[in-house]
Amino acid sequence: MSDDLDPSQLQTLDAPVPSNRRILVIMAIAGFFGAVAGAVAVSAGFGGGILIGTAFAFLNYLWLQRSLKTIFASARTGERPRMLVGKYFLRFIVLGLAVAVIFITGWVPIVALLLGMAGFGFATVIDGFIRIFTGILGNKEL
Numbered sequence: 005m006s007d008d009l010d011p012s013q014l015q016t017l018d019a020p021v022p023s024n025r026r027i028l029v030i031m032a033i034a035g036f037f038g039a040v041a042g043a044v045a046v047s048a049g050f051g052g053g054i055l056i057g058t059a060f061a062f063l064n065y066l067w068l069q070r071s072l073k074t075i076f077a078s079a080r081t082g083e084r085p086r087m088l089v090g091k092y093f094l095r096f097i098v099l100g101l102a103v104a105v106i107f108i109t110g111w112v113p114i115v116a117l118l119l120g121m122a123g124f125g126f127a128t129v130i131d132g133f134i135r136i137f138t139g140i141l142g143n144k145e146l
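For the sequence shown, position 76 (counting from the first letter as 1) is numbered 80 according to the working numbering, and the numbering increases by one without interruption.
Written out as structure tokens, the structure is:
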């Protein structure tokens, strides 16, 4: 039964290729509107905390992307990627120290900062919903 399937005869789905650029745009928009809503609903410091957290999320993403691009570029050439664990996790240490300084000094509410830092996760969920509903409604792309 299932052994008789020929992959060349299967129909291909026209699923859109996942795009990190769209997720980053969604994260920027959500971070901005989240900061405005936080500033209006709670305080200006809360809105600022969301903005700072969103900036940290962008920094974390770009730093990780650069590190991984370096690793895979060296692996593609056939050489063994040289990467120390400390160098890979340096971004966590730097961001953790920044969060600790902000927490100790109380510049912005820590909850707002963490909400902003979770922006990439929120943007990924929003992108998933967009993809689900554009698939249901029959649109190719939004």
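For each residue, glycine too, the CB sits at the ideal point set by N, CA and C. Because the structure is a prediction, the values reported are computed rather than measured.
- About 7 Å separates the beta carbon of A61 from that of M31, a gap short enough to meet the 8 Å contact definition.
- Taking C-beta atoms as the reference points, A45 and F126 fail to come closer than 8 Å.
- Taking the C-beta atoms as reference points, F36 is found no nearer than 8 Å to G42.
- Around the beta carbon of L66, fewer than 16 other beta carbons sit within 10 angstroms, so the residue counts as exposed.
- When DSSP states are grouped into helix, strand and coil, F133 belongs to the helix group.
- Collapsing the DSSP output to three states places T81 in coil.
- The alpha-carbon separation between R25 and I108 amounts to approximately 34 Å.
- In the structure shown, V112 adopts coil according to DSSP, grouped into three states.
- Secondary structure note for G42: its alpha helix (DSSP H) is the uninterrupted segment 24-45.
- Distance from the CA atom of L141 to the CA atom of T128, rounded to whole angstroms, is 20 Å.
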